[in-house]
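Data block below; observations after.
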Amino acid sequence: MARFDPSDPAFIADPYPVLADLREAAPIFWNEASGQWMVTRWADVHAALRDKRLGRTFTHRYTHAELGKPEPDPRWADFEESERWSLLNLEPPDHTRIRTLISKVFTPTSVAALRPMVESTAHDLLVACRDRGRFDLLSDYAQPYSVAVICSMLGVPASDTELLLDWSHAIVKMYELTTTDEQREAANTAGREFVAYTRALIDHKRDHPDDLLVSKLVAVRDAGDRLSIDEIISTTIVLLNAGHEATVNTLGNGMRAFLHHPDQWRRMVSGEVPARAAVEEMIRWDGPLQLFERWVLDEGVEVAGRPLAVGDTIAMLFGSANRDPDHFADPTRFDAGRGDATHVSFGGGTHFCIGAPLARLEVEVSLRTLVALMPDVVLASEPAYHPTFVIRGLTALDLAVG
Ligand code: HEM
């Protein structure tokens, strides 16, 4: 049987053949290194995402001791604090309460209203790239673009984007299967600084309210309920982090896919395939987030036919589910016009990505602008992936025009 080894450079370079072997061999397998049950097939991942007996956390139901887990390491308390009230660390009823409040102000309509700003940001940055002739799509475009969009939506000063990028890059290392103490230390420091920054920002918004998201989170009320300062801090941080890293990597991985499949790029340039459809294929074919975990919270849970015990963890392999031939026809083919939004890349159920409308808008506008401004774009050198599995993204995407 193929071996799941996320530290293997060959696996990172192209995990999909190994994932295909694993998926074909079994719907679920034990990964000794991480102590998790790995779920490989679309139907089981789709069902697990919607199973309320599985949670992103267990601490609302059990102590660490009850599940035989080590207590959280006090050295990383600042990082933990920054995420304490993140939607991603909560389950109902807290999750429902906080998500309801956030959803009142972070709505699809408020996202749609951003389109003119998103379009002009994309246009200005990409014109500068085109004029340079050769550029890195990630550092010259995708990063400044997606940070500018989320900052202007939240009402965070554009002058602080470098700070936010540094913190965000440090924090996301905590989500990998293998993290060094040095990386944990850096994430902890970033968490501390990020909390202090956000606290000051919220104070400022109280005195100088505007009609942007952080101010709206401060003001939002629902049936007498409101968000606490700590809840607003965690929410702002998760929106800033989630709001750009995955979008940047979708743009990088997706444009790499197009430039490796020039026939598909030509379908974009000729206008045959609408950008909106292509976005779904970019996210399905080589998604930016490859693995999400769940804890088993109740007795009697079966995942992919295997009975599991309370306290077990599963890891859903999104990249494997998204290429499952039992769900997608010819799944290894990058087909820009497939337009199939049933990929699992935005999750499903309780934690379904609240930023999906924004992510889709950002990627669609980028693709449309790239096609319009540089139909003849080519790879100037072969890109490489960061040596991380959970967050899948390129170190750079070196492009040339004209
Ligand atoms: C292509 C880009 C993106 C992808 C692939 C993506 C993917 C995901 C996935 C898979 C989840 C669910 C995690 C789970 O079930 O365990 C999620 C949740 C979330 N995402 Fe995204 N995301 C993207 C962009 C964004 C953006 C732009 C924002 C915000 C501005 C955002 C904010 C969030 C938040 C706050 C959650 C937590 C929701 C909850 O727990 O209720 N994401 N995202």
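Sequential numbering from 21 applies to the sequence shown in the working numbering. We treat Cβ as the ideally placed atom computed from N, Cα and C, and that holds for glycine.
Whole angstroms are fine: how far does the CA of residue j sit from the CA of residue i?
| i | j | result |
| --- | --- | --- |
| A376 | P164 | 19 Å |
| R276 | R358 | 17 Å |
| V391 | V138 | 16 Å |
| P395 | W285 | 8 Å |
| L197 | E52 | 12 Å |
| G153 | Y405 | 23 Å |
| A341 | H228 | 46 Å |
| H347 | M336 | 16 Å |
| S188 | T256 | 12 Å |
| Y195 | R204 | 10 Å |
| G307 | G263 | 15 Å |
| F409 | A266 | 13 Å |
Per DSSP, residue i forms a beta bridge with which residues?
| i | result |
| --- | --- |
| P327 | E322 |
| L399 | L419 |
| V316 | L74 |
| Y405 | L414 |
| A335 | M58, E313 |
| W50 | W57 |
| D242 | D245 |
| F155 | L419 |
Is the beta carbon of residue j closer than 8 Å to that of residue i?
| i | j | result |
| --- | --- | --- |
| I374 | F214 | no |
| A207 | K193 | yes |
| W62 | V323 | no |
| L317 | R104 | no |
| R135 | L378 | no |
| A400 | L419 | yes |
| L232 | L174 | yes |
| L260 | L183 | no |
| G88 | G331 | yes |
| A356 | R304 | no |
| L393 | V240 | no |
Quick one: what's got a C-beta closer than 7 Å to residue i's C-beta in the same chain, skipping five residues either side?
| i | result |
| --- | --- |
| H281 | F354 |
| G272 | L157, L158, A162, G413, L414, L417 |
| S27 | T198 |
| P92 | E100 |
| R296 | E384 |
| D25 | F31 |
| M58 | F24, I48, F49, N51, A335, L337 |
For residue i, which residues from the same chain have a beta carbon less than 8 Å from its beta carbon, with the 5 sequence-adjacent residues on both sides left out?
| i | result |
| --- | --- |
| I253 | S102, W105, V215, T218, R219, I222 |
| P345 | P351 |
| T389 | E139, A142, H143, L146 |
| I118 | W105, L107, L110, L247, E251, T255 |
Give me, in chain order, the residues of the same chain whose beta-carbon lies closer than 6 Å to that of residue i; leave out the 5 immediate sequence neighbours on both sides.
| i | result |
| --- | --- |
| D64 | P47, A324 |
| F312 | M336 |
| V321 | R73, L328 |
| N269 | P308, G413 |
**OP:** Answer yes if the segment 26-44 comes into contact with the segment 65-82, meaning at least three C-beta pairs across the two stretches below 8 Å, and no otherwise.
**Re:** no
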